[in-house]
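Before any comments, here is the structure.
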Amino acid sequence: MRAVLDLTEGLRGHNVTCDNLFTSYQLGQQLLKRKITMVGTVQTGALVIVTIEKANPNYGLQSKQRRCGQSRQCNWSIQLQKDDFPLALAIFHKIIDVSSYNVFVIWREINLIWISHKSHKRRVFLEQLGKALVAPLIERRKNVPRTEASAQIVKAFQSARLPDRPDNQSSTSTFKASTRKRCQFCSKEKDNKTNKPCFKCNKYICKGCSLSYCSSCAQ
């Protein structure tokens, strides 16, 4: 109950939808003092209010239409289905799920025409949000992963933020860096093979034809 009261502090004239973990008669009375109504599910067998059969199923329909955010988070969650998961990490993942869903609701209300032709807006939003969160960390990464797939992802992110470099060149150097070709600056008699292209012209160059210098001297 305390969690709901803290989250709704400062609100007036709204409706709160919560799960059976928070639904109680005492919470409803506290919210009514703030001019806030509450719609929530109740555990089976728990008697919160006197049951009165009515022909109008308005309350049931309203509860389904205002589906709780906790139930929606089960569709797209970052939590791993493991019983021996650390409690602190599980709480952290839950915070990310709740925060990402709240941000999605706010973003959807502000940008009404955002991908209006798609039905899976939340999945697209979570994908873009995840890339935006990890992109700065990947760009600052110094060591490239050993696996080929992970290395290509890191190189693609890092090459995308480099100035004065076309997209086609960055993608070419990203996916062809592992291919060994003949050095384009050596004579044909030497036949030196290399897998490192030039940073600027994207031509393959061997160690003997290349020069090493720091980033400050490069500018």
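Be aware that the sequence shown starts at 1, since it is given in my numbering, and climbs by one per residue.
Glycine is no exception: its CB is placed at the ideal position from the N, C-alpha and C atoms.
All values reported here derive from a predicted model rather than from experimental measurement.
Measuring CA to CA, which of the options is closest to residue i?
| i | options | result |
| --- | --- | --- |
| residue 187 | 152, 153, 208, 29 | 208 |
| residue 40 | 20, 7, 128 | 20 |
| residue 196 | 189, 212, 4 | 212 |
| residue 121 | 131, 105, 135, 136 | 105 |
| residue 129 | 113, 99, 112, 116 | 99 |
| residue 127 | 77, 6, 86 | 77 |
Can you give me the Cβ contacts of residue i inside the same chain, cut-off strictly under 7 Å, excluding the 5 residues immediately before and after it?
| i | result |
| --- | --- |
| residue 35 | 12, 13 |
| residue 157 | 135, 138, 139 |
Please list, in chain order, all residues of the same chain as residue i whose beta carbon is under 6 Å from its beta carbon, the five residues on each side excluded.
| i | result |
| --- | --- |
| residue 168 | Note that residue 168 has pLDDT 45, beneath the 50 cutoff, so the model's placement of it is unreliable and no number is given. |
Does the Cβ of residue i have 16 or more other Cβ atoms within 10 Å, making it buried, or fewer, making it exposed?
| i | result |
| --- | --- |
| residue 210 | exposed |
| residue 101 | buried |
| residue 191 | exposed |
| residue 159 | buried |
| residue 214 | exposed |
| residue 89 | exposed |
| residue 37 | exposed |
Would you mind stating whether residue i and residue j have Cβ atoms separated by less than 8 Å?
| i | j | result |
| --- | --- | --- |
| residue 124 | residue 138 | no |
Which same chain residues, not among the five before or five after residue i, have their C-beta less than 8 Å away from its C-beta?
| i | result |
| --- | --- |
| residue 1 | 22, 24, 26, 27, 30 |
Under 8 Å: do the region 201-215 and the region 180-191 share three or more Cβ pairs, one atom per stretch? yes
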